[in-house]
Amino acid sequence: MVVYSHLLMHHAFFMRRCLTLAEEGRGKVGNGAFVGAVLVRDGDIIAEGVHRGFGLLHAERDLLEQFSGSIEPTDTLYVNLEPCCHMGKTPPCTEIILKRGVKHLVYGLRDPDRRVSGQGIEFLRLNGVEVIGPVLRDECAWMNRGFISVREKGRPWITLKSARAADGSIAHPDGSPKRITSKEQDAWSHEFLRAKHDAILVGVNTIIKDDPSLTVRSINVPVQPWRIVFDPHARTPLHASIIKKNPERTILVVDAALDLSCTEPYLEREIHIWRIPCIQNMFDFHALFQGCITSQENFCGITSILVEGGERTWHPFWSHHHVDMDVLLPGSS
Ligand SMILES: NC(=O)c1ccc[n+]([C@@H]2O[C@H](COP(=O)([O-])OP(=O)(O)OC[C@H]3O[C@@H](n4cnc5c(N)ncnc54)[C@H](OP(=O)(O)O)[C@@H]3O)[C@@H](O)[C@H]2O)c1
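Below is the structure:
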């Protein structure tokens, strides 16, 4: 029993390193997964790999292609997601694992993708590899909650965030912005909410009334999240911050029936326009989510959205049961 728990701690230690490495893919892997891999010999990490970006090598292949030494029979490969066994944008990782002679593999999470889903583990075991896992399953699943949501629900992970004053209000009665959160709460939500989602979404009234930047400012991030505005009638002012600064990261979602001429000024400013059909004045969520998770031209797909409001924007997410996590920041006054 003592030996067993000692081994688990050992596996957890190296799996945590995989998760730290996997973070390097934040904002770059599009609709793919965050994955890191380490090769361990006699208790030391001798090589590391990362899934660095959309369409790039998977972490275990990144590691094995870079590592030029020979693999010893006692070496163990750790990876936070089950190795793939199908031909995708890159060849199957199971192939290179066998080819390089890896004999022991520890994984964190079974891949929810139907093309893998346990078959990578099975294939390796049938070919003589000792496969151990899942290790730190919950932490691995949390890191890839967006990737899992896309595979299992066909939509991005959705977090709703709202700030309410002690009287329950979210703005002044005339709709003008009200300071509700403290500097500490803002810093926390930048680091743990904005920086951990692929996109931040608001309704057009929030743009008109508050003119937010919708960026991560309390910490450095390699890539700023996408900014999505629900704006069926293209009412976003051209002088809005999200239009003037980094317009190439802004997506205006407009009614598919809107006259094409209404979106020309935005297109001239490099704004992305998504034309989504409206049903009873509400965007069709199915069409919207398909747009989010599908890669095209200069868009690699998104797997998580932070919905920041206002009230009219939050409501349909609730009524259609499209909320995975609800964060309420209480104001002190
Ligand atoms: N305390 C907080 O956490 C917080 C956060 C954000 C905003 N706010 C405050 O909230 C207020 C704005 O809230 P609000 O409820 O008036 O407006 P909002 O949610 O910012 O924008 C609502 C508008 O967005 C469009 N829209 C939203 N969801 C849609 C959907 N599913 N389908 C189609 N169109 C959709 C519609 O535009 P059309 O009207 O063109 O159809 C709708 O009228 C501001 O005063 C702001 O300061 C507070």
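One gets this note's numbering by counting positions in the sequence shown from 1 and adding 1440 to each.
The C-beta atom is built at its ideal place from N, Cα and C for all residues, glycine as well.
Quantities reported herein were computed from a predicted structural model and do not represent experimental measurements.
{"Asked": "Taking any heavy atom of ligand 1 as the mark, which residues have a C-beta closer than 5 Å to it, listed down the chain?", "Found": "S1602, A1603, I1610, A1611, G1615, P1617, G1643, V1644, N1645, T1646, K1649, D1650, F1670, P1672, H1673, M1722, F1723, G1749, G1750, E1751, R1752, T1753 and P1756"}
{"Asked": "Looking at C-alpha atoms only, which residue of T1690, K1685 and D1724 is the closest neighbour of A1696?", "Found": "D1724"}
{"Asked": "Assuming A1635 contacts I1659 under a Cβ cut-off of 8 Å, what Cβ separation, rounded to an integer in Å, is found between them?", "Found": "6 Å"}
{"Asked": "Quick check on the burial criterion: 16 or more other C-beta atoms within 10 angstroms. Buried or exposed for A1477?", "Found": "buried"}
{"Asked": "What residue ranges within the segment 1713-1740 form continuous alpha helix (DSSP H) runs of no fewer than 4 residues, ordered along the chain?", "Found": "1725-1733"}
{"Asked": "In whole angstroms, what separates the C-alpha of R1595 from that of H1726?", "Found": "8 Å"}
{"Asked": "Since G1541 and I1511 are thought to touch, with beta carbons under 8 Å apart, how far apart are those beta carbons, to the nearest angstrom?", "Found": "5 Å"}
{"Asked": "Considering only their Cβ atoms, is the gap separating L1538 from L1479 smaller than 8 Å?", "Found": "no"}
{"Asked": "How would you label M1527, buried or exposed, when you count the other beta carbons within 10 angstroms and need 16 or more for buried?", "Found": "exposed"}
{"Asked": "For a test of the three-state rule: what should DSSP assign to E1688, helix, strand or coil?", "Found": "helix"}
{"Asked": "Given a threshold of 16 other Cβ atoms within 10 Å of its Cβ, counted over all protein chains shown, does L1746 qualify as buried or as exposed?", "Found": "buried"}
{"Asked": "On the DSSP letters alone, give me the boundaries of the alpha helix (DSSP H) that I1588 sits inside.", "Found": "R1585 to K1593"}
{"Asked": "Out of Y1547, P1672, E1562 and M1449, which one is the CA nearest neighbour of C1580?", "Found": "Y1547"}
{"Asked": "Going straight from the alpha carbon of E1751 to that of C1732, what length do you get?", "Found": "22 Å"}
{"Asked": "Exposed or buried, which one is R1689 when buried takes at least 16 other CB atoms within 10 Å?", "Found": "buried"}
{"Asked": "Looking at the structure shown, is D1766 part of a helix, part of a strand, or coil, going by DSSP?", "Found": "strand"}
{"Asked": "Quickly, what does DSSP pair R1604 with across the bridge? List them, please.", "Found": "P1770"}
{"Asked": "F1632: buried (16+ other C-beta within 10 angstroms of its C-beta) or exposed?", "Found": "exposed"}
{"Asked": "What would DSSP say about D1484, mapped onto helix, strand or coil?", "Found": "strand"}
{"Asked": "Give every residue of the same chain whose Cβ lies closer than 6 Å to the Cβ of M1441, excluding the five residues on either side of it in the sequence, and list them in chain order.", "Found": "Confidence is the limiting factor: at M1441 the pLDDT is only 42, short of 50, which leaves the residue's position unreliable, though a coordinate-based value still follows. Correct list: empty, nothing qualifies."}
{"Asked": "What is the C-beta distance between H1451 and I1572, in whole angstroms, given that I count them as a contact (C-beta under 8 Å)?", "Found": "7 Å"}
{"Asked": "Would you list the residues sitting across from S1508 in a DSSP beta bridge?", "Found": "S1508 pairs with nothing; no bridge assigned."}
{"Asked": "In angstroms, rounded to a whole number, what distance separates the CA positions of S1629 and R1565?", "Found": "43 Å"}
{"Asked": "In whole angstroms, what is the alpha-carbon distance linking I1588 and L1521?", "Found": "11 Å"}
{"Asked": "Starting from L1566, trace the alpha helix (DSSP H) both ways and give me its first and last residue.", "Found": "Q1559 to L1566"}
{"Asked": "Have a look at E1570 and V1490 and give me their C-alpha separation to the nearest angstrom.", "Found": "22 Å"}
{"Asked": "Per DSSP, which one or two residues make a beta bridge with I1754?", "Found": "The sequence as given places Trp at residue 1754; Ile does not occur at that position. Partner(s): none; W1754 has no beta bridge."}
{"Asked": "With a 10 Å radius around its C-beta and 16 neighbouring C-beta atoms as the bar for buried, classify E1748 as buried or exposed.", "Found": "buried"}
{"Asked": "Can you give the Cα-Cα distance for V1443 and M1449, rounded to whole angstroms?", "Found": "Here the model assigns V1443 a pLDDT of 48, short of 50, so the residue's position is not dependable and the matter cannot be decided."}
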